[in-house]
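In terms of the working numbering, the sequence shown opens at residue 16 and continues consecutively.
Even glycine gets a Cβ: it sits at the ideal position worked out from N, Cα and C.
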Amino acid sequence: MSDLRTKPAKFFEELSTASLRDFCDGYRWMFERDFKSKFVSSETVAVAELKTKVEGIVAINNIAYAGETSGAGMFQIVLERDAVFSLGGVTVMLPIPRIKEDCLKGKEEDVLMLADAVGEVGNLLTGSFSKVFRAGVPDVEGLGDQFTMHLKLPIVIGDGEVPNLEGVQSVHVFTYQIELKELSPFRVKVVFPAQ
């Protein structure tokens with residue numbers, strides 16, 4: 016069995032970009048909110064360096080994967096502060112002015128009240144990533160129907176740091192900007208183990 020960690024960064028970038036696009040499409044269909052995602056950057060860093068790039072209020076979705084051609088492991092989707100308050104707030108239909116205020120001044124106790132909504136967002140993200148990684152995209156072959164993903168609960172949410180991926184020294188970090196017309200753009204990071 017091969018290990019997903021042997022795949023090049025471009026493989027993860029292409030599939031993650033398509034997965035976030037699929038998430039935005041699905042969210043629009045379910046919640047009638049027109050989110051758009053845009054790729055910002057790609058880098059490979061030591062795990063210790065990742066901790067300096069992600070701090071403060073965050074939500075970390077740990078997603079386990081397994082498959083015949085991928086091995087087994089875990090990756091992370093990190094919602095930065097504004098992403099937590101924006102996606103969580105829109106999901107529970109908070110008024111836009113309240114979401115904007117929370118993005119500016121919200122505290123850890125405010126974000127903890129959005130835990131169920133952030134969990135729902137995590138499930139939607141996992142569904143999109145699972146679908147795209149199985150099927151692939153033009154020029155990038157998918158991992159097939161035997162490939163599975165599931166969101167590990169509870170989601171890490173609040174004022175903290177990114178937990179280590181077990182046995183991983185370096186990671187590929189893909190940063191995306193997500194936009195909704197009424198809100199300021201916010202960022203999501205997708206973190207895959209590197210070889």
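- The three-state secondary structure of residue 122, taken from DSSP, is coil.
- Classified as exposed, residue 107 has fewer than 16 neighbouring CB atoms from the shown chains inside 10 Å of its CB.
- One thing to note: residue 180 has its Cβ no nearer than 7 Å to the Cβ of residue 45.
- Rounded to the nearest angstrom, the gap between the Cα atoms of residue 78 and residue 137 is 9 Å.
- Here residue 129 carries a coil assignment [DSSP, helix/strand/coil].
- Of 133, 128, 62, the smallest CA-CA separation from residue 95 is found for 133.
- In the structure shown, residue 76 adopts extended strand secondary structure according to DSSP, grouped into three states.
- Within the same chain, 82, 83, 84, 149 come within 8 Å of residue 159 by CB-CB distance, once the 5 residues on both sides are set aside.
- Inclusion of residue 144 and residue 117 in the CB contact set at 7 Å is not warranted, their separation being larger than that value.
- Shown here, residue 43 sits in a helix according to DSSP, grouped into three states.
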